[in-house]
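Undergrad: One structure coming up, written as structure tokens, with questions to follow.
Residue numbers (the working numbering): 3 to 284.
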């Protein structure tokens with residue numbers, strides 16, 4: 003990991019701790035440095051917490067996760083780093099939307115004539131996901147808020163964890179610690195919310211709008227978003243990021259036809275819901 007990246011992570015953690023977010027502390031060296039260098043690699047020693055993972059096993063727990071995520075995002079505002087522009091997610095959105103849509107189209111063309119159930123089910127759904135992605139991309143490109151947000155000082159951008167899953171949330175006596183910050187960057191709340199929602203859907207085995215409502219309610223209670231911000235949130239949640247990753251990582255190779263069907267169905271229902279929310283905010 004480059005020194006610039008390690009400094010960014012450590013400084014982001016320090017900022018969040020000062021704002022009351024529970025992150026295990028680091029053990030400094032005898033010379034009071036935050037890391038050591040050994041064989042050209044940087045190593046950081048964090049406090050070990052032998053706490054259980056937070057379970058996503060009820061609507062109440064999901065609302066609790068949403069509230070924690072909202073607290074973290076709100077607390078992250080004001081963080082600045084001299085290396086910040088290297089880790090500014092906003093710069094990548096337009097190109098990411100373009101390349102992800104091209105990847106979906108390319109995959110569909112490459113597998114359209116294959117008769118295996120694994121492929122035929124995915125190919126059946128891809129036109130819908132591509133259309134939804136095109137709609138979301140158009141909304142993104144015409145969003146005045148998105149244009150303004152990209153140019154805003156980084157101190158006005160949220161930090162995103164990048165891997166906000168229950169394995170990285172440790173709980174004891176109603177206190178929740180957040181660990182594993184290797185992927186932290188400046189970005190929009192939708193990135194972390196999408197991660198939580200995806201894992202909750204996987205556990206549920208289906209799209210459940212009530213679960214999403216609990217997640218969002220907890221989030222907005224701690225970090226209220228403006229109508230413009232909510233619009234961008236639903237734009238990004240409507241875009242088929244999860245589907246593109248599913249294909250790029252070849253996750254379908256580890257699934258039978260029934261589970262692929264289940265995955266595509268729940269993702270399409272989620273996408274339809276987010277598109278309806280977009281229309282309501284228009």
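Where is the CB? At the ideal position from N, CA and C, for every residue including glycine.
Can you look up residue 25 in the DSSP assignment and give me helix, strand or coil?
TA: Position 23 of the chain shown holds residue 25. Here residue 25 sits in coil by DSSP.
Undergrad: Quick check: the Cα distance between residue 144 and residue 111, rounded to an integer number of angstroms?
TA: Here residue 144 refers to the residue found at position 142 when the chain shown is read from its first residue. Here residue 111 refers to the residue found at position 109 when the chain shown is read from its first residue. Taking the straight line from one Cα to the other gives about 29 Å.
Undergrad: How is residue 35 classed by DSSP in three states: helix, strand or coil?
TA: For this step, residue 35 is matched to residue 33 along the chain shown. Correct three-state label for residue 35: coil.
Undergrad: Buried or exposed: where does residue 183 fall if 16 or more other Cβ atoms within 10 Å of its Cβ makes it buried?
TA: To locate residue 183, count along the chain shown from 1; it is residue 181. Burial call: buried.
Undergrad: For the pair the stretch 168-182 and the stretch 30-38, tell me if three or more CB-CB distances fall below 8 Å.
TA: The stretch 168-182 vs the stretch 30-38: no contact.
Undergrad: Can you tell me the Cα-Cα spacing of residue 20 and residue 75, whole angstroms?
TA: The sequence position of residue 20 within the chain shown is 18, counting from 1. The sequence position of residue 75 within the chain shown is 73, counting from 1. So the alpha carbons of these two residues sit roughly 14 Å apart.
Undergrad: Can you check DSSP and say which residues form a bridge with residue 178?
TA: Position 176 of the chain shown holds residue 178. Its beta-bridge partners are 173.
Undergrad: My output table needs one value for residue 43: the three-state DSSP class, helix, strand or coil.
TA: Taking the chain shown and counting its residues from 1, the one referred to as residue 43 is at position 41. Three-state DSSP puts residue 43 in a strand.
Undergrad: Can you have a look at residue 62 and say buried or exposed, based on whether 16 or more other CB atoms are within 10 angstroms of its CB?
TA: Walking along the chain shown from the start, residue 62 turns up at place 60. Residue 62 is exposed by the Cβ-count criterion.
Undergrad: Once you ignore the five residues that flank residue 262 on each side, which residues in its own chain have a CB closer than 7 Å to its CB?
TA: As a first step, residue 262 must be located in the chain shown, where it is residue number 260. Sequence-distant Cβ neighbours of residue 262 in its own chain, meaning closer than 7 Å and more than five residues away, are 120, 123, 124, 254.
Undergrad: Pull up the distance between the alpha-carbon of residue 229 and that of residue 236, whole angstroms please.
TA: Stepping through the chain shown from its first residue, residue 229 is reached at position 227. Stepping through the chain shown from its first residue, residue 236 is reached at position 234. Rounded to the nearest angstrom, the two C-alpha atoms are 11 Å apart.
Undergrad: Just curious, the beta strand (DSSP E) that residue 199 is in, first and last residue?
TA: Along the chain shown, one-based indexing puts residue 199 at 197. Per DSSP, residue 199 belongs to no beta strand (DSSP E); it is in the alpha helix (DSSP H), 192-206.
Undergrad: Roughly how many angstroms lie between the CA atoms of residue 173 and residue 221, to the nearest whole one?
TA: Position 171 of the chain shown holds residue 173. Position 219 of the chain shown holds residue 221. C-alpha separation (whole angstroms): 18 Å.
Undergrad: In three-state DSSP terms, what is residue 48?
TA: Taking the chain shown and counting its residues from 1, one reaches residue 48 at position 46. In this structure, residue 48 counts as strand in the three-state DSSP scheme.
Undergrad: Rounded to a whole number of angstroms, what is the C-alpha to C-alpha distance between residue 140 and residue 99?
TA: Mapped onto the chain shown, residue 140 falls at position 138. Mapped onto the chain shown, residue 99 falls at position 97. Looking at the two C-alpha atoms, the distance is approximately 10 Å.
Undergrad: Using 8 Å as the Cβ pair cut-off and three pairs as the minimum, do the stretch 90-107 and the stretch 245-260 touch?
TA: Flag = yes, the stretch 90-107 and the stretch 245-260 touch.
Undergrad: For residue 56 versus residue 175, is the C-beta distance shorter than 8 Å?
TA: On the chain shown, position 54 is the one that residue 56 refers to. On the chain shown, position 173 is the one that residue 175 refers to. No, Cβ-Cβ distance for residue 56 and residue 175 is not below 8 Å.
Undergrad: Assuming residue 189 is part of the beta strand (DSSP E), what are its boundary residues?
TA: Position 187 of the chain shown, counting from 1, holds the residue named residue 189. Residue 189 -> beta strand (DSSP E) spans 187-189.
Undergrad: So, using beta-carbon positions, are residue 24 and residue 195 closer together than 8 Å?
TA: Counting from 1 along the chain shown, the entry for residue 24 is found at position 22. Counting from 1 along the chain shown, the entry for residue 195 is found at position 193. Not a contact, by the Cβ cut-off of 8 Å.
Undergrad: Roughly how many angstroms separate the alpha carbons of residue 242 and residue 190, rounded to a whole number?
TA: Taking the first residue of the chain shown as 1, we reach residue 242 at position 240. Taking the first residue of the chain shown as 1, we reach residue 190 at position 188. Distance between the alpha carbons of residue 242 and residue 190: 16 Å.
Undergrad: Since residue 275 contacts residue 211 with CB under 8 Å, what's their CB separation in whole angstroms?
TA: For the purposes of this step, residue 275 is taken as the residue at position 273 of the chain shown. For the purposes of this step, residue 211 is taken as the residue at position 209 of the chain shown. Residue 275 to residue 211, Cβ: 6 Å. Contact.
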